[in-house]
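Below is one structure, written out as structure tokens, with a few remarks after it.
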Amino acid sequence: MSLTVHVTTLDDPGKGATTIVKLVGRFDTITAPQGEKEIEPVVAGSARNVIFDLAGLTFISSAGLRVLLGARKALAARGAQLHLINLQPQIAKVLDIVKALPGINVFKNLKEMDEYLAEMQRKVEEGES
Amino acid sequence: MPLRSLTPKLIAVVLGGCLTVYLAILVVSARAAREMLVQGAQNEARAVATGVSYRIAGALSVAEGPPRRVAAFVAREPRAERRTLENLLRAMIDSSPGLFGAAAAFEPFAFDPARRTFAPYCYRQGESLAMKDLGEGSYGYFGWDWYRQPRERRRPQWSEPYFDVGGGNVLMMTYSVPILRDGRFLGVATADIALDWLQQFMEERRVEHGGYAFLVSSSGRLVTHPARRLVLSRTFADLAAEMGDPSLREAARQMAAGGAAFVRTRDLVTGATAFMDYRPMPLEGWSVAVVLPEKELLADSARLERRLGLLAVLGAGALALVVVLVARSITRPLVRLAGATREVAAGRLDAELPEVSSRDEVGQLNASFREMQVALQQYVEEVKRQAAASERLGSELRIAREIQVALVPKASELNVERLGWDVFGVLEPAQDVGGDLFDILPRGQSELVFAIGDVAGKGIPGALYMAVANTIFKAAARDLQYPDQILGRVNRELLAEGGANMFVTMLCGVLDTRSGRVSLSSGGHTSPVLVPRVGRPRLLTECAGTVLGVSEVIAFQRTDLRLDPGDSLLLYTDGVTEAEDPAQRFFGEERLLAEIAGGAGGDARELVEGLLRSVTGFAHGSPPADDIAILALRRPLESAEPRAIRLRSDLAEIARADEWLQAVCRELDVSAEAGHDLQLALEEVLANVVRHGYGEGAAGDIEVRARAQGNALRLEVRDHARRFNLLEQDPPPIDADLDGRAAGGLGVHLVRKLMDRVEYAYEAGENRLVLERRRTA
Numbered sequence: 006m007s008l009t010v011h012v013t014t015l016d017d018p019g020k021g022a023t024t025i026v027k028l029v030g031r032f033d034t035i036t037a038p039q040g041e042k043e044i045e046p047v048v049a050g051s052a053r054n055v056i057f058d059l060a061g062l063t064f065i066s067s068a069g070l071r072v073l074l075g076a077r078k079a080l081a082a083r084g085a086q087l088h089l090i091n092l093q094p095q096i097a098k099v100l101d102i103v104k105a106l107p108g109i110n111v112f113k114n115l116k117e118m119d120e121y122l123a124e125m126q127r128k129v130e131e132g133e134s
Numbered sequence: 129m130p131l132r133s134l135t136p137k138l139i140a141v142v143l144g145g146c147l148t149v150y151l152a153i154l155v156v157s158a159r160a161a162r163e164m165l166v167q168g169a170q171n172e173a174r175a176v177a178t179g180v181s182y183r184i185a186g187a188l189s190v191a192e193g194p195p196r197r198v199a200a201f202v203a204r205e206p207r208a209e210r211r212t213l214e215n216l217l218r219a220m221i222d223s224s225p226g227l228f229g230a231a232a233a234f235e236p237f238a239f240d241p242a243r244r245t246f247a248p249y250c251y252r253q254g255e256s257l258a259m260k261d262l263g264e265g266s267y268g269y270f271g272w273d274w275y276r277q278p279r280e281r282r283r284p285q286w287s288e289p290y291f292d293v294g295g296g297n298v299l300m301m302t303y304s305v306p307i308l309r310d311g312r313f314l315g316v317a318t319a320d321i322a323l324d325w326l327q328q329f330m331e332e333r334r335v336e337h338g339g340y341a342f343l344v345s346s347s348g349r350l351v352t353h354p355a356r357r358l359v360l361s362r363t364f365a366d367l368a369a370e371m372g373d374p375s376l377r378e379a380a381r382q383m384a385a386g387g388a389a390f391v392r393t394r395d396l397v398t399g400a401t402a403f404m405d406y407r408p409m410p411l412e413g414w415s416v417a418v419v420l421p422e423k424e425l426l427a428d429s430a431r432l433e434r435r436l437g438l439l440a441v442l443g444a445g446a447l448a449l450v451v452v453l454v455a456r457s458i459t460r461p462l463v464r465l466a467g468a469t470r471e472v473a474a475g476r477l478d479a480e481l482p483e484v485s486s487r488d489e490v491g492q493l494n495a496s497f498r499e500m501q502v503a504l505q506q507y508v509e510e511v512k513r514q515a516a517a518s519e520r521l522g523s524e525l526r527i528a529r530e531i532q533v534a535l536v537p538k539a540s541e542l543n544v545e546r547l548g549w550d551v552f553g554v555l556e557p558a559q560d561v562g563g564d565l566f567d568i569l570p571r572g573q574s575e576l577v578f579a580i581g582d583v584a585g586k587g588i589p590g591a592l593y594m595a596v597a598n599t600i601f602k603a604a605a606r607d608l609q610y611p612d613q614i615l616g617r618v619n620r621e622l623l624a625e626g627g628a629n630m631f632v633t634m635l636c637g638v639l640d641t642r643s644g645r646v647s648l649s650s651g652g653h654t655s656p657v658l659v660p661r662v663g664r665p666r667l668l669t670e671c672a673g674t675v676l677g678v679s680e681v682i683a684f685q686r687t688d689l690r691l692d693p694g695d696s697l698l699l700y701t702d703g704v705t706e707a708e709d710p711a712q713r714f715f716g717e718e719r720l721l722a723e724i725a726g727g728a729g730g731d732a733r734e735l736v737e738g739l740l741r742s743v744t745g746f747a748h749g750s751p752p753a754d755d756i757a758i759l760a761l762r763r764p765l766e767s768a769e770p771r772a773i774r775l776r777s778d779l780a781e782i783a784r785a786d787e788w789l790q791a792v793c794r795e796l797d798v799s800a801e802a803g804h805d806l807q808l809a810l811e812e813v814l815a816n817v818v819r820h821g822y823g824e825g826a827a828g829d830i831e832v833r834a835r836a837q838g839n840a841l842r843l844e845v846r847d848h849a850r851r852f853n854l855l856e857q858d859p860p861p862i863d864a865d866l867d868g869r870a871a872g873g874l875g876v877h878l879v880r881k882l883m884d885r886v887e888y889a890y891e892a893g894e895n896r897l898v899l900e901r902r903r904t905a
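Going down the list, the protein sequences come from chains F and Z.
Take any residue in the first sequence, note its place counting from 1, add 5, and you have its number in the numbering used here.
Take any residue in the second sequence, note its place counting from 1, add 128, and you have its number in the numbering used here.
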């Protein structure tokens, strides 16, 4: 088993650039170093919102979790946000156990996340005006 | 507020009725009074008008004689001299104090062939008489009405009233008589009458109630009127048109046509509503009118109505007072009774009722209520007695239930590993305690002795009987090898105890956990069910026998069978098969087998709880009529033979361990979720051993063993690295800064949370870590 990482960047003028990272396969002790390397450019990039689409992720261990938490920290440092969508039940269970959810927005799907982001955008605009 | 509804109602009805009648009388009488007043006014007006008209006719007739005589004289005496004529005129005025002047005016050359115009006129000037010829100067009498009209009509004629300009602005009228001789018109003889007295005369004709009279000439002009500025200057028709009142315009029309009427209309000047009587005068075209302002006319009537109204108000007030007093006398006892009723309703049954001595409806009500109060008190006493009795019974049942529940093994005791077998049981006591029991005891290294029973007896006696039977069973299970022997002992000792009219059905079994062999004996109990891992469940009907505690001479049969890995044995009491649905159908054995088949494949707990859910669902939530006891024993799929894999200390080996674990899970029926959890835990543990035990890059070996243990899968990880207890790592700071979390903490935390049991031991230079997790859910 292995891990595949697909990165798509959406140019979304309304919300700032958004990058979608699709993780497929296992994110475990063996695949974590590779995954971390492939995610690195996204974390170092300029996207305001980084969305991890976990629909294809079947397994995650503490090594994978550590990479995600590190990404979150680095993104937060430059004011960007990390979102998780399409979690399989076993992935949600693991995240729940380690209480990794604070600071990471988890959504059922892309639509739910879009609604959330639109709402945040509205609040920001209200705050500025 | 004692008077809330009854009194206002009484007042409304009584006062409303009285006032309606009174008002009707008032209206009728007021109308009659008005009619009488108007009738009187009409009579009076008519009388005034008639009087005026005769008086004026009399006055005018004075002026009609002299010109007639002059005209007759001239016609008779063609040769009369001017002096004679003048003397005649002078004599007439002298003899008629009402006359102001008299004249004779002639056609050109008719009296004196030498004169074209000739009109001697004699008139009063102060106390004396003066004479002049109207034919002289610029007067030019031919065009004047007083001359022209008699000439054209050939008959006497009264002129319209006019102000005499030369004679001191006196209101005048002229009577002209044509002088005819043999049919030829010679001129006219006239007499002037001053009407200065007329206005005064009319004003003196005071009419009662502020009324007045006025005259209207043939041309419609007002000849007299209290408003003098109107006199001769305005016509009645004009004024009526200005007022814009139809009735007044109609009066003007009628008046001009010589009509007479008494009408309700308006005052010409003030516009106020007034009654008016008008009628023609004996003088051609003239009318006399009498006006009576309605307000003044009806003033008396209105005053009377006001008095009657005031009287009505005072009367109504007095009546209301009376009604209030009457209503109070009726409602006061009712209000007191209502208060007492509220107290009774609030639970004070001994509330004092008001003393009502009257024998009317209120008195009757009071008496009935007193009877009801007494009956209620008795009833409540009765209910209290029953409640107390019921409470005693309830507490007795509760005690019995506590005894019963205390005697059967608890779920937590059952759910532990029993020599590697999976055992579970429930007891669901009914409302009024049936006395079911079950028990399971380990014996020696490999045997389990179990029993399930149902005492025929309720309440405390039933529970105690069950306790006795259970105690005898426990003792017998220790001493005796076979279930038939055990049941025989229980039967004998129960008979020795001598429970009156009670007996118990019991199914007893002895299980060899290693071979899976079971011996069963039944004392009249429901047939157990064999649930094979593959295939349909079936009733073991060959287990039969007689109930315990009835007869001493019974031999019990024994049935032997073998449970293969994955097979279960299910025991139950008749609370299951005899559960009823709302239509009072039994749950039955067929349904029992079908439900078990539907839920097969799980562990003992799922089997038991699934069946219990089916039974309660069947009963649609109605509480069970009888106790329900269910006990299940399941032989594990793989009894204790471990599988193992040896690994090198290398992270890449984790993939191999993973594949091996997946195969094990498939073989041992481990659910997907449980498999995932085990996989994750194993990965975390192996990564830890490689990194922190041996150290990455260093050589070393790791052994992982797996085996089924009851309903759990047990993994044991052994390595020969330095003594290293993974579990002693600090627990991660939950909910704190996760980014700063210790690297190792996360994995250990996952392991602890995902596994049911984690144990570490260091023995003989070996680290041993045990991971255990249920194979399902």
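Every residue gets a Cβ at the ideal spot worked out from N, C-alpha and C, and that includes glycine.
Note that the structure is a prediction, hence the values are computed from the model and not measured.
Mark HIS11 of chain F as exposed unless 16 or more other C-beta atoms lie within 10 angstroms of its C-beta, in which case mark it buried.
The residue given as residue 11 of chain F occupies position 6 in the first sequence. Under this definition HIS11 of chain F is an exposed residue.
Express the C-alpha separation of GLU795 of chain Z and VAL646 of chain Z in angstroms, rounding to a whole number.
Looking up residue 646 of chain Z in the second sequence gives position 518. Looking up residue 795 of chain Z in the second sequence gives position 667. The straight-line gap from Cα to Cα measures roughly 26 Å.
Would SER650 of chain Z and GLY673 of chain Z be called neighbours here (beta carbons separated by less than 7 Å)?
What you label residue 650 of chain Z is simply residue 522 of the second sequence in a count that begins at 1. What you label residue 673 of chain Z is simply residue 545 of the second sequence in a count that begins at 1. Yes, the Cβ-Cβ distance between SER650 of chain Z and GLY673 of chain Z is below 7 Å.
Say whether chain F places a C-beta atom closer than 7 Å to the C-beta of ALA815 of chain Z.
By one-based count along the second sequence, residue 815 of chain Z stands at place 687. Yes - at least one Cβ of chain F is within 7 Å of the one on ALA815 of chain Z.
Less than 6 Å separating the Cβ of PHE714 of chain Z from some heavy atom of the ligand SAM?
The ligand content of the structure shown is nil, which means the ligand SAM is not present either.
Taking just the CA atoms, how far does ASP58 of chain F sit from LEU635 of chain Z?
Position 507 of the second sequence, counting from 1, holds the residue named residue 635 of chain Z. Position 53 of the first sequence, counting from 1, holds the residue named residue 58 of chain F. Looking at the two C-alpha atoms, the distance is approximately 59 Å.
Measuring alpha carbon to alpha carbon, tell me which residue in Z:LEU165, Z:ALA446, Z:ALA231 is nearest CYS146 of chain Z.
Numbered from its first residue, the second sequence carries residue 146 of chain Z at position 18. Checked all of Z:LEU165, Z:ALA446, Z:ALA231; the closest Cα to CYS146 of chain Z is Z:ALA446.
Could you check whether the segment 162–175 of chain Z touches the segment 297–312 of chain Z, counting it as contact only if at least three pairs of C-beta atoms, one from each stretch, sit closer than 8 Å?
Cβ pair count under 8 Å is below three, so no.
Residues of chain F with CB under 7 Å from GLY572 of chain Z, in chain order?
Taking the first residue of the second sequence as 1, we reach residue 572 of chain Z at position 444. Within chain F, no residue comes near GLY572 of chain Z; the closest Cβ sits about 42 Å away, beyond 7 Å.
Keeping to the same chain, check which residues put their C-beta closer than 7 Å to that of THR654 of chain Z; ignore five residues upstream and five downstream.
The residue given as residue 654 of chain Z occupies position 526 in the second sequence. Here the set comprises TYR700, THR701, ASP702, THR705.
Hey, which unbroken runs of the beta strand (DSSP E) at 3 residues or more fall wholly within the segment 595–625 of chain Z?
Listed in chain order, nothing qualifies, since the segment 595–625 of chain Z has no complete beta strand (DSSP E) run of 3 or more residues.
If you measure beta-carbon to beta-carbon, which residues of the segment 10–34 of chain F are closer than 7 Å to chain Z?
Answer in chain order: ASP33, THR34.
In this structure, does DSSP put ILE862 of chain Z in helix, strand or coil?
Along the second sequence, read from residue 1 onward, the residue named residue 862 of chain Z stands at position 734. Any answer about ILE862 of chain Z is weak, because its pLDDT of 46 lies below 50 and its placement is not dependable; what the coordinates show is given next. Residue state, collapsed to three classes: coil.
Using a Cβ-Cβ cutoff of less than 8 Å, which residues in the same chain neighbour ILE756 of chain Z once the five nearest sequence positions on both sides are dropped?
Walking along the second sequence from the start, residue 756 of chain Z turns up at place 628. These residues qualify, in order along the chain: VAL554, LEU555, GLU556, ALA558, ASP564, TYR700, THR701, GLY703, VAL704, ALA707, LEU740, VAL743.
For GLU900 of chain Z, would you say it is in contact with chain F, using Cβ-to-Cβ distances shorter than 7 Å as the test?
Sequence index remark: in the second sequence, residue 900 of chain Z carries index 772 (1-based). So no, GLU900 of chain Z is outside the interface.
Looking at chain F, is there any beta carbon in it that lies within less than 7 Å of the beta carbon of GLY823 of chain Z?
Position 695 of the second sequence, counted from the first residue, corresponds to residue 823 of chain Z. Not an interface residue.
According to DSSP, which residues form a beta bridge with HIS353 of chain Z?
To locate residue 353 of chain Z, count along the second sequence from 1; it is residue 225. Per DSSP, none; premise fails for HIS353 of chain Z.
For CYS671 of chain Z, which of helix, strand or coil comes out of DSSP?
Taking the second sequence and counting its residues from 1, the one referred to as residue 671 of chain Z is at position 543. It is coil, neither helix nor strand.
Would SER67 of chain F pass as an interface residue toward chain Z - the criterion being a Cβ-Cβ separation below 7 Å?
Sequence index remark: in the first sequence, residue 67 of chain F carries index 62 (1-based). Yes - at least one Cβ of chain Z is within 7 Å of the one on SER67 of chain F.
Check whether the segment 710–729 of chain Z and the segment 677–688 of chain Z touch, using three or more Cβ-Cβ pairs below 8 Å as the test.
Touching, no, given that fewer than three Cβ pairs across the two stretches are closer than 8 Å.
Is the Cβ of GLY838 of chain Z closer than 7 Å to any Cβ of chain F?
Mapped onto the second sequence, residue 838 of chain Z falls at position 710. Chain F, which has no Cβ nearer than 7 Å to the Cβ of GLY838 of chain Z, makes this no.
Within 7 Å of any Cβ in chain Z, is that where the Cβ of GLN39 of chain F sits?
Locating residue 39 of chain F in the first sequence gives position 34, where the first residue counts as 1. It does not: the Cβ of GLN39 of chain F has no partner Cβ on chain Z nearer than 7 Å.
Taking the runs of the beta strand (DSSP E) that are 3 residues or longer, which of them lie wholly in the segment 320–407 of chain Z?
The segment 320–407 of chain Z contains these whole beta strand (DSSP E) runs: 340–344, 350–352, 389–394.
Can you pull the chain F neighbours of GLU811 of chain Z, defined as C-beta to C-beta under 7 Å?
Here residue 811 of chain Z is taken as the residue at index 683 of the second sequence, counted from 1. Under the 7 Å cutoff, chain F gives ASP33, THR34, SER66.
Chain F partners of LEU779 of chain Z, CB-CB under 7 Å?
As a working mapping, residue 779 of chain Z is identified with position 651 in the second sequence. Within 7 Å Cβ-Cβ: THR34, ILE35.
How many whole angstroms separate the CB atoms of ASP612 of chain Z and ARG690 of chain Z, which I take to be in contact at a CB cut-off of 8 Å?
Your numbering for residue 612 of chain Z matches position 484 in the second sequence. Your numbering for residue 690 of chain Z matches position 562 in the second sequence. Wrong, their Cβ atoms sit about 18 Å apart, outside the cutoff.
Under 7 Å Cβ to Cβ from ASN598 of chain Z, same chain only, skipping five residues before and after it: list those, please.
Taking the first residue of the second sequence as 1, we reach residue 598 of chain Z at position 470. So the list reads LEU535, LEU565, ASP567, once near-sequence residues are dropped.
If you check the beta carbons only, do PHE390 of chain Z and ASP373 of chain Z fall under 7 Å apart?
Position 262 of the second sequence, counted from the first residue, corresponds to residue 390 of chain Z. Position 245 of the second sequence, counted from the first residue, corresponds to residue 373 of chain Z. Going by C-beta atoms, PHE390 of chain Z is not nearer than 7 Å to ASP373 of chain Z.
If we count the other Cβ atoms within 10 Å of its Cβ and call it buried at 16 or more, is ASN215 of chain Z buried or exposed?
In the second sequence, the residue the question calls residue 215 of chain Z occupies position 87. Exposed is the call here.
What did DSSP end up calling THR245 of chain Z once you bin it into helix, strand or coil?
Here residue 245 of chain Z is taken as the residue at index 117 of the second sequence, counted from 1. Here THR245 of chain Z sits in coil by DSSP.
When DSSP labels each residue in this structure, what does ALA46 of chain F get in the three-state scheme?
Here residue 46 of chain F corresponds to residue number 41 of the first sequence, with the count starting at 1. In the sequence on display, residue 46 of chain F carries Pro and not Ala. Three-state result, PRO46 of chain F: helix.
Determine whether the Cβ of HIS653 of chain Z lies closer than 7 Å to any Cβ atom of chain F.
The residue given as residue 653 of chain Z occupies position 525 in the second sequence. No, HIS653 of chain Z lies away from the interface with chain F (no Cβ there is under 7 Å from its Cβ).
Does DSSP classify LEU691 of chain Z as helix, strand or coil?
Here residue 691 of chain Z is taken as the residue at index 563 of the second sequence, counted from 1. Here LEU691 of chain Z sits in coil by DSSP.
CB-CB under 8 Å to LYS128 of chain F, same chain, minus the five flanking residues each way: which ones, in chain order?
Walking along the first sequence from the start, residue 128 of chain F turns up at place 123. Nothing listed; no residue qualifies.
Strictly below 7 Å CB to CB, what residues from chain Z border LEU70 of chain F?
Walking along the first sequence from the start, residue 70 of chain F turns up at place 65. Going along chain Z in sequence order, the residues near LEU70 of chain F (Cβ under 7 Å) are LEU874.
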